[in-house]
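Participant: Questions regarding the structure given below will be posed in turn.
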Amino acid sequence: MWKLSPFFSIGVAAATLVSSSGRAEEIVRYPLPTPIVPISLGVELPAGKALVLLSGAVPFSLPDKDGKTPPPPNGTQAQAKLTLERIRQSLESLHLTLGDVVYLRAYLVGDPATGGKLDFNGFNAAYKQFFGTAEQPALPARTVVQVAGLASPDFLVEIEVVAARK
Numbered sequence: 157m158w159k160l161s162p163f164f165s166i167g168v169a170a171a172t173l174v175s176s177s178g179r180a181e182e183i184v185r186y187p188l189p190t191p192i193v194p195i196s197l198g199v200e201l202p203a204g205k206a207l208v209l210l211s212g213a214v215p216f217s218l219p220d221k222d223g224k225t226p227p228p229p230n231g232t233q234a235q236a237k238l239t240l241e242r243i244r245q246s247l248e249s250l251h252l253t254l255g256d257v258v259y260l261r262a263y264l265v266g267d268p269a270t271g272g273k274l275d276f277n278g279f280n281a282a283y284k285q286f287f288g289t290a291e292q293p294a295l296p297a298r299t300v301v302q303v304a305g306l307a308s309p310d311f312l313v314e315i316e317v318v319a320a321r322k
């Protein structure tokens, strides 16, 4: 016998309210029942909205005037901040903003500064500078996972996002 979670019940009730309120053309962000972290429980897109899927972004810097690429900054927080800034710039080049992001997935390598464990607090500290702010209050649905490694042994962070074009 299937049991429905309270989150599913809340989502169905919210979807019913949204569909009856005439907001069917808007992106709907369902808040967490208990907002422990700045993310949405889920995001619902109306028909006709285009999704833009950005490839995973990593914390690399552009080569300097001598053609040398500097290493990424140390630590999950610094790398997440650099990566989110690169994502913001990529979105702007596509005429989108961080407010258009409906889903974010972060891959984190264990940080040597935390004994090789995922630095969730460091990641969240960077994330909160870009999402859930007064300037950009829209919260995406989100997943954060620890992985064994990324494309470069220097990378602690890779982030991919899905944005909705309004």
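Under our numbering, residues 157 to 322 are what the sequence shown spells out, in order. Idealized CB from N, CA, C, for every residue including glycine. Predicted, not measured: the structure shown is a model, and the values here were computed from it.
What is the C-beta distance between THR225 and ASP275, in whole angstroms, given that I count them as a contact (C-beta under 8 angstroms)?
Facilitator: Not really, about 24 angstroms apart at Cβ, beyond 8 angstroms.
Participant: Are ILE315 and THR239 closer than 9 angstroms when you measure CB to CB?
Facilitator: Going by C-beta atoms, ILE315 is nearer than 9 angstroms to THR239.
Participant: To test your reading of the DSSP string, which unbroken beta strand (DSSP E) runs of 3 or more residues are found completely within the stretch 205–249?
Facilitator: Here the runs fully enclosed are 206–209.
Participant: Using CA coordinates, which residue listed in GLY255, GLU182, ARG261, GLY212 is at the minimum distance from ALA290?
Facilitator: Nearest option by C-alpha distance: GLY255.
Participant: Using C-beta distances below 6 angstroms, list every residue in its chain close to VAL257, excluding the 5 sequence neighbours before and after it, in chain order.
Facilitator: Answer for VAL257: PRO296, VAL317, ALA319, listed in chain order.
Participant: Could you tell me which residues DSSP pairs with ILE315 in its beta bridges?
Facilitator: Paired residue(s): ALA213, ALA262.
Participant: By the three-class DSSP mapping on this structure, what secondary structure does LEU306 have?
Facilitator: Coil.
Participant: Run the proximity test for ARG261: is its beta-carbon closer than 8 angstroms to any non-hydrogen atom belonging to the ligand NAP?
Facilitator: Absence of the ligand NAP is noted for the structure shown, with no ligands found whatsoever.
Participant: Quick check on the DSSP output: the alpha helix (DSSP H) that includes GLY337 runs from which residue to which?
Facilitator: Given that the chain is displayed from residue 157 to residue 322, the structure contains no residue 337 and the question cannot be resolved.
Participant: Measure the alpha-carbon distance for LEU218 versus GLU241 and round it to whole angstroms.
Facilitator: Taking the straight line from one Cα to the other gives about 13 angstroms.
Participant: Sort out for me which residues DSSP pairs ALA297 with in a bridge.
Facilitator: Per DSSP, TYR259.
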